[in-house]
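J.: In the numbering used here, the protein residues as written are 2 to 312.
A single structure is presented below for examination.
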């Protein structure tokens, strides 16, 4: 019954049948598994192909957006570094805003989030005094209006001496304004996140660089808070200059009120208040001038005083 001669004892057909059956089943299972693997590989290939096509389309769209933005202003490649310097040296006079924007972005490597489409402008360009002696600087503010929350406030402030392209400071503040205390000119800057939490900085010049002399950081308190997590300031804090401790020096005072959305137990545990339980809490932050360090120091531990305000 075999197509070949057995080398051993002759095997009957009835004995061979189970062996052939088992081998056939094994081969069929092997073929089935092989086809299953091939089908899975084909599905993966299709998935990767679609992903590549999708990425390519997204990149094309991004390029189109960038080209539309660049179409509204001169080609950046046409302005060299030498041109950037000559344009910046003309400040505070501005002859061409578009060229100035390109020069500032190129010279100072300003990172700009263009995902939302940008509306570039020079929102501030002025001479400012900083320090005790007459010390005049150029303050220029580049504003591109919109972007992702991580890139907020979507603007830059650059400070440098007139006739010099080397900046003494590049910041990204929500706002910046001049203020005078104790016969010294400062820049009062507001630093804030996209959600509206932040603080103030009091900027002056030391060794040809900008330093902050307001003893305040994020680990202490917020002087800017419009984000309703545990509470928020009803209005921006008012800022006044006053000899608070009657030592003959002017001090810096922040004053306002905060709407409280959370309460705390006697053990320090916090809990959400019902809307009917919200209440207004007055706040005052006083920073006393220290003539030895030339800094403005918090009069008391406001973290402990307003422990209910901040978690």
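All residues carry an ideal CB built from backbone N, CA and C; glycine is no exception.
None of the values given here were measured: they were computed from a predicted structure.
Check whether the Cβ of residue 250 sits closer than 8 Å to any heavy atom of the ligand HEM, and report yes or no.
T.: This structure simply doesn't include the ligand HEM, nor any ligand for that matter.
J.: Which class does residue 205 belong to by DSSP, given the choice of helix, strand or coil?
T.: Residue 205: strand per DSSP, three-state reduction.
J.: DSSP three-state label for residue 101, please.
T.: helix
J.: Quick one, are the C-beta atoms of residue 211 and residue 172 less than 9 Å apart?
T.: yes
J.: Just the C-alpha distance for residue 291 and residue 297, rounded to the nearest angstrom, thanks.
T.: 6 Å
J.: Rounded to whole angstroms, how far is the Cβ of residue 202 from the Cβ of residue 132, which I believe are closer than 8 Å?
T.: Beta-carbon to beta-carbon, residue 202 and residue 132 are separated by about 16 Å, too far to satisfy the 8 Å threshold.
J.: In this structure, does DSSP put residue 303 in helix, strand or coil?
T.: helix
J.: Near residue 251, which residues of its chain fall below 8 Å by C-beta distance, leaving aside the five closest residues on each side in sequence?
T.: 182, 183, 242, 243, 244 and 290
J.: What does the Cβ neighbour count give for residue 236, buried or exposed, with the cut at 16 atoms within 10 Å?
T.: exposed
J.: According to DSSP, is residue 241 part of a helix, a strand, or is it coil?
T.: strand
J.: Rounded to a whole number of angstroms, what is the C-alpha to C-alpha distance between residue 263 and residue 299?
T.: 25 Å
J.: If you draw a straight line from the C-alpha of residue 110 to the C-alpha of residue 152, how long is it?
T.: Answer to the nearest angstrom: the Cα atoms are 15 Å apart.
J.: At the level of alpha carbons, what is the spacing between residue 166 and residue 125?
T.: 17 Å
J.: Under three-state DSSP, which class holds residue 70?
T.: Confidence in residue 70 is poor, its pLDDT being 39 and thus under 50, which makes the residue's placement unreliable; the coordinate value appears in the next sentence. Residue 70: helix per DSSP, three-state reduction.
J.: Quick check: residue 146 and residue 120, are their CB atoms within less than 9 Å of each other?
T.: yes
J.: Closer than 9 Å, CB to CB, is residue 153 near chain C or not?
T.: Of the protein chains in the structure, only one exists, and it is not chain C.
J.: Per DSSP, what kind of secondary structure is residue 122 in: helix, strand or coil?
T.: Here residue 122 sits in strand by DSSP.
J.: Can you give the beta carbon distance from residue 313 to residue 284, rounded, assuming they're within the 8 Å contact cut?
T.: The question about residue 313 has no answer, for the chain in this structure spans 2 to 312.
J.: What's the call for residue 134, buried or exposed, on a 16-neighbour Cβ count within 10 Å?
T.: Exposed: under 16 other Cβ atoms inside 10 Å.
J.: Excluding sequence positions up to five away, which residues of its chain have a Cβ less than 7 Å from the Cβ of residue 196?
T.: Exclusion of the five residues before and after residue 196 leaves 228 as the residues of its chain whose Cβ lies within less than 7 Å of its Cβ.
J.: Ends of the beta strand (DSSP E) at residue 190?
T.: 185 to 193
J.: Counting C-beta neighbours from all protein chains within 10 Å, is the total for residue 192 16 or more, i.e. buried, or is it exposed?
T.: buried
J.: Is residue 278 helix, strand or coil when you go by DSSP?
T.: The answer is helix: DSSP assigns residue 278 an H, G or I state.
J.: In whole angstroms, what separates the C-alpha of residue 97 from that of residue 88?
T.: Taken atom to atom, the span from the alpha-carbon of residue 97 to that of residue 88 is near 9 Å.
J.: Going along the chain, which residues of its own chain have a beta-carbon closer than 6 Å to the beta-carbon of residue 232, five neighbours each way excluded?
T.: 259, 260, 261 and 262
J.: How long is the line joining the alpha carbons of residue 209 and residue 198, rounded to whole angstroms?
T.: Answer to the nearest angstrom: the Cα atoms are 30 Å apart.
J.: Taking the C-alpha atoms as reference points, what is the distance between residue 281 and residue 234?
T.: 9 Å
J.: Whose C-beta lies closer than 6 Å to the C-beta of residue 144 among residues of the same chain, with five residues either side of it excluded?
T.: Residues 122, 124 and 156 of the same chain have their beta carbon placed closer than 6 Å to that of residue 144, with the five preceding and five following residues left out of the count.
J.: Across which residues does DSSP place residue 109 in a beta bridge pair?
T.: Partner(s): none; residue 109 has no beta bridge.
J.: To which residues does DSSP link residue 253 through a beta bridge?
T.: 242 and 288
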